[in-house]
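Structure record follows, encoded as structure tokens.
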Amino acid sequence: MASKVHVVLRPVKSIVVRFCPFESNVESTRNFLGCINHKRIQATNKNCEVTADVRHDGSEPLVDVMFVDGDRLIMKGANLTTAEMLTALGTRCNAKEIKEEQKSKKKSP
Amino acid sequence: MAALRGGSGVLWRRGEGRHRGHGDRLPPGPSLPVPLSAGFLPALQLVRRGSKAVTRHWKAMHFQRQKLMAVTEYVAPRPAVPPRCLPRRKEAEVAEEDNGYVRLLQRQVEEAFRDNRMIAVCQYNAMPGEDMVLLRHYLHKHNIEVKFFLNEIVRPVLSQSKYRNLLPLFVARNILLVSRETKAKEMLRVLKGVPQINLLGACIDDTILSRQGVENFAKLPALEVVQGQAVGALSLLPSQTSSLLQRSSAHLTALLDQHIRRLQEGEGGTLAQPSPAQSPQGTH
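Sequence lines, in order, name chains A and U. Anchor point for the first sequence: position 63 equals 72 in this note's numbering, and the numbering is continuous, going up by one each time. Anchor point for the second sequence: position 131 equals 147 in this note's numbering, and the numbering is continuous, going up by one each time.
Here is the structure:
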């Protein structure tokens with residue numbers, strides 16, 4: 010179900026996924042990482058860097074998304090499901106895409 | 017009147033229960049055969065456009081039949097309390113062991129954990145096939161095998177063995193890199209070139225290590241060098257003790273040697289003329 014959510018990564022510059030695999034609340038974050046690395050979503054933006062930061066310090070799972078226009082989205086995945094994280098990212102990406110399209114339309118005429 | 021006109025020119029004929037109908041009253045065209053026994057005649061008989069009850073084409077149900085079917089539709093019985101509100105029963109786990117294939121895979125997992133000194137658990141994100149083949153090739157050069165196991169099979173095996181602390185790692189898609197030698201440096205180098213595989217942890221020589229632990233392990237020097245260093249460190253103290261004990265006697269020997277040399281030099285200077293036969297006696 011989570012793989013059916015299509016996210017367009019064009020406005021995203023980089024994604025850092027940080028988690029500690031020996032904790033018990035990392036399943037949704039790991040699934041999120043797996044879905045993000047799917048070729049369909051990676052194909053939308055080849056310049057987006059996806060980094061996985063594996064630690065062993067008992068910290069919470071974290072997803073840090075940097076956008077091209079300087080915005081930052083931090084998702085703490087301890088109590089979130091994979092689908093929720095993907096839809097949150099997807100809605101923000103879509104909103105930014107629409108803004109950019111409107112800007113380009115205003116500039117062209 | 018014996019005949020009635022129904023919709024779309026269908027001709028109906030009132031059944032004559034008691035007396036037989038006259039031949040001239042019947043309209044020309046096909047008609048249903050009239051049975052001899054008068055008591056079984058239906059009340060209304062379709063005479064023209066004789067379509068039977070069982071047809072090859074789809075035939076619309078009579079309206080009364082439609083009503084009957086609608087009224088007698090099946091309504092499933094509903095339990096008073098919906099089943100999802102009841103406490104769940106945990107009987108699903110017992111059924112797994114009966115599957116022979118599952119048992120075979122679990123045996124393979126046990127073998128993998130028993131035979132290999134180094135077992136690394138990595139997260140596997142989707143990778144193109146060629147990259148996978150290349151990765152397998154590079155790892156095979158260092159005698160490292162790539163194994164895929166399903167989490168549902170690995171979890172019960174691990175929970176009953178001594179590797180219980182590896183259980184939280186087996187969530188989401190995983191890949192196992194197993195090897196009989198512990199070449200952590202080469203493995204890390206190969207994995208660095210593949211961004212889609214993230215090392216989560218490893219079990220090397222029955223020691224569970226995190227990613228940082230594996231990196232530290234890779235930085236260690238070879239076993240022989242470490243053994244030599246250990247032997248050197250252990251033998252340092254006894255060698256110091258022995259040198260201390262021998263110091264006094266060695267000092268005395270050195271002093272005596274020097275004294276003898278001085279005496280020789282002194283004898284050699286004063287007795288420059290005597291024959292060389294005397295000098296070896298002096299030295300003894």
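Yeah, the Cβ is synthetic: ideal placement off N, Cα and C, and Gly gets one too.
Asked: Compute the distance between the beta-carbons of proline 70 of chain A and phenylalanine 31 of chain A, then report whether it is under 9 Å.; Found: no
Asked: Can the beta-carbon of asparagine 141 of chain U be found closer than 9 Å to that of asparagine 214 of chain U?; Found: yes
Asked: Let me check understanding here. Comparing Cα to Cα, which of A/Lys115, A/Ser117, A/Ser113 and A/Glu106 lies closest to threonine 53 of chain A?; Found: A/Glu106
Asked: Is DSSP giving threonine 38 of chain A helix, strand or coil here?; Found: helix
Asked: Short check: CB of methionine 143 of chain U to CB of leucine 155 of chain U, under 9 Å?; Found: no
Asked: Given 8 Å as the limit, is there contact between the region 89-99 of chain A and the region 51-66 of chain A, that is, 3 or more CB pairs closer than that?; Found: no
Asked: Any idea what DSSP makes of glutamate 32 of chain A, helix, strand or coil?; Found: coil
Asked: Got a sec: is the Cβ-Cβ distance from alanine 234 of chain U to anything in chain A below 9 Å?; Found: no
Asked: What separation, rounded to the nearest whole angstrom, lies between the Cα atoms of serine 113 of chain A and asparagine 103 of chain A?; Found: 15 Å
Asked: Please decide whether glutamine 139 of chain U counts as near chain A, where near means a Cβ-Cβ distance under 9 Å.; Found: yes
Asked: Do three or more CB pairs link the region 158-175 of chain U to the region 237-249 of chain U at distances below 8 Å?; Found: no
Asked: So, for glutamine 111 of chain A: in the same chain, excluding its five sequence neighbours on each side, which residues have a beta-carbon less than 6 Å away from its beta-carbon?; Found: none
Asked: Measure the beta-carbon distance from alanine 312 of chain U to lysine 163 of chain U and round it to whole angstroms, keeping in mind my assumption that it falls under 8 Å.; Found: It is not possible to answer for residue 312 of chain U, since the shown part of chain U is limited to 17 through 300.
Asked: Taking DSSP as the reference, what is the three-state secondary structure of tyrosine 154 of chain U?; Found: helix
Asked: Return the residue from the list U/Arg227, U/Leu272, U/Gln274 and U/Ala270 that minimises the CA-CA distance to alanine 136 of chain U.; Found: U/Arg227
Asked: Among A/Val17, A/Val16, A/Lys22 and A/Val14, which has the Cα closest to the Cα of valine 59 of chain A?; Found: A/Lys22
Asked: Does the beta carbon of proline 211 of chain U sit closer than 9 Å to a beta carbon anywhere in chain A?; Found: yes
Asked: Alpha carbon to alpha carbon, how far is proline 237 of chain U from valine 17 of chain A?; Found: 47 Å
Asked: Can you find the residues in the same chain that come closer than 8 Å, C-beta to C-beta, to leucine 185 of chain U, ignoring five residues on each side of it along the sequence?; Found: Val137, Leu216 and Gly217
Asked: Put glycine 86 of chain A into one of helix, strand or coil per three-state DSSP.; Found: helix
Asked: In chain order, what are the residue ranges of uninterrupted beta strand (DSSP E) at least 3 long that sit wholly in the region 198-223 of chain U?; Found: 213-220
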